[in-house]
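Colleague: Quick one: the structure is below, and I'll ask about it shortly.
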Amino acid sequence: MRTGRFIVIDGAEGVGKSTQAARLAQYLARDSPAPLVVREPGGTPAGETIRALLLDPRSALSARAEALLFMASRAELVDEVIAPALGRGQTVIADRFFLSTYAYQIGARNLPEEAVRAANHFATAGLAPDLTILLRLPAARGLARAAERGEHDRLEGAGNAFHEAVERAFMLFNEPYWQAAHPECGPVVAIDADGSADQVFARIVAAFKARWPESGEAGIRNQEPVTKS
54 MRTGRFIVID GAEGVGKSTQ AARLAQYLAR DSPAPLVVRE PGGTPAGETI
104 RALLLDPRSA LSARAEALLF MASRAELVDE VIAPALGRGQ TVIADRFFLS
154 TYAYQIGARN LPEEAVRAAN HFATAGLAPD LTILLRLPAA RGLARAAERG
204 EHDRLEGAGN AFHEAVERAF MLFNEPYWQA AHPECGPVVA IDADGSADQV
254 FARIVAAFKA RWPESGEAGI RNQEPVTKS
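Next up, the structure:
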């Protein structure tokens, strides 16, 4: 029986997902058991091997092969990590989930929506987030931030047209009609990712407390400031 909460931090390149996932885990640190942070692709030995292949600029993958590798990593992560943790009553915070699949594989790679959604349902066994926090930033700004980290991975280096298509797809996700038609994504709240990490985190806390007002008061008092995403 699932008793834990499943929260996703999603968005395009360079929006600060990893930084904010870690901060949200600190914010919820008073909860017992402590939150678990995972990333996609990855999070398991098999998933990390798949991640290396997917992000290696030398990998020449077709759009279908890419999508199926993401699904394989997701299936392993759900089966081996996420579902057991939720069953123990643990909160799980994922850095990316199905919104990224929709934006990248459907929005930018133009794969058939129903086929990708069916593959996701099989990979997740129907698991949907309790809340997805979608960090929004113009594609050019996000890519500039990502470039500050060093070399581009295969997806970061996919070109402006690709990332503009990803951005257009992400713009749909906060629309009520879109969410109603895509229940596998759970509730989605869009957050402006422009500003310092502290400013963005304050917006995330407000969205989180709007859904779960009882959570995280002790954790926020102990939060260490982070200024770089």
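Going by our numbering, 155 is the number at position 102 of the sequence shown; the sequence numbering is gapless. From the three backbone atoms N, C-alpha and C, an ideal C-beta is built for every residue, glycine too.
With the cut-off set at 7 Å, would you say ALA65 and VAL242 are in Cβ contact?
Modeller: Within the sequence shown, numbered from 1, the residue matching residue 65 stands at position 12. Within the sequence shown, numbered from 1, the residue matching residue 242 stands at position 189. Going by beta carbons, ALA65 and VAL242 fall outside the 7 Å limit.
Colleague: In the stretch 168-218, which residue ranges form an unbroken beta strand (DSSP E) of at least 3 residues, counting only runs that do not cross its ends?
Modeller: 184-189
Colleague: Write down the C-beta distance between LEU190 and ALA246 rounded to the nearest angstrom, noting that I regard them as a contact closer than 8 Å.
Modeller: For this step, residue 190 is matched to residue 137 along the sequence shown. For this step, residue 246 is matched to residue 193 along the sequence shown. Going by Cβ atoms, the distance from LEU190 to ALA246 rounds to 4 Å, so yes, they are a contact pair.
Colleague: With 16 as the cutoff for other CB atoms within 10 Å, does GLY57 come out buried or exposed?
Modeller: To locate residue 57, count along the sequence shown from 1; it is residue 4. So GLY57 counts as buried.
Colleague: Would DSSP call ASP148 helix, strand or coil?
Modeller: Taking the first residue of the sequence shown as position 1, residue 148 is located at position 95. In the structure shown, ASP148 adopts extended strand secondary structure according to DSSP, grouped into three states.
Colleague: To which residues does DSSP link ALA243 through a beta bridge?
Modeller: On the sequence shown, position 190 is the one that residue 243 refers to. According to DSSP, ALA243 bridges with LEU187.
Colleague: Does the separation of the CB atoms of ILE62 and LEU184 fall below 7 Å?
Modeller: Here the question's residue 62 lines up with position 9 in the sequence shown. Here the question's residue 184 lines up with position 131 in the sequence shown. No; because the gap between Cβ atoms is not below 7 Å, this pair is not in contact.
Colleague: Opposite LEU106 in the DSSP bridges: which residues?
Modeller: In the sequence shown, the residue the question calls residue 106 occupies position 53. Bridge partners of LEU106: none, in fact.
Colleague: Would you give the residue range spanned by the alpha helix (DSSP H) that LEU130 belongs to?
Modeller: Here residue 130 corresponds to residue number 77 of the sequence shown, with the count starting at 1. 116-130 is the span of the alpha helix (DSSP H), which, as asked, contains LEU130.
Colleague: Indicate the three-state DSSP secondary structure (helix, strand or coil) for PHE59 in the structure shown.
Modeller: Taking the first residue of the sequence shown as 1, we reach residue 59 at position 6. PHE59: strand per DSSP, three-state reduction.
Colleague: On a CA-only basis, which of ARG55, GLY69 and MET54 is nearest LEU196? Give me that one, please.
Modeller: Locating residue 196 in the sequence shown gives position 143, where the first residue counts as 1. The residue with the shortest Cα to Cα distance from LEU196 is GLY69.
Colleague: If we call anything under 7 Å between Cβ atoms a contact, is VAL145 one with ALA138?
Modeller: Taking the sequence shown and counting its residues from 1, the one referred to as residue 145 is at position 92. Taking the sequence shown and counting its residues from 1, the one referred to as residue 138 is at position 85. A contact, by the Cβ cut-off of 7 Å.
Colleague: Please return the same chain residues whose Cβ sits closer than 6 Å to the Cβ of PRO240, not counting the five positions on each side in sequence.
Modeller: Position 187 of the sequence shown holds residue 240. Around PRO240: LEU184.
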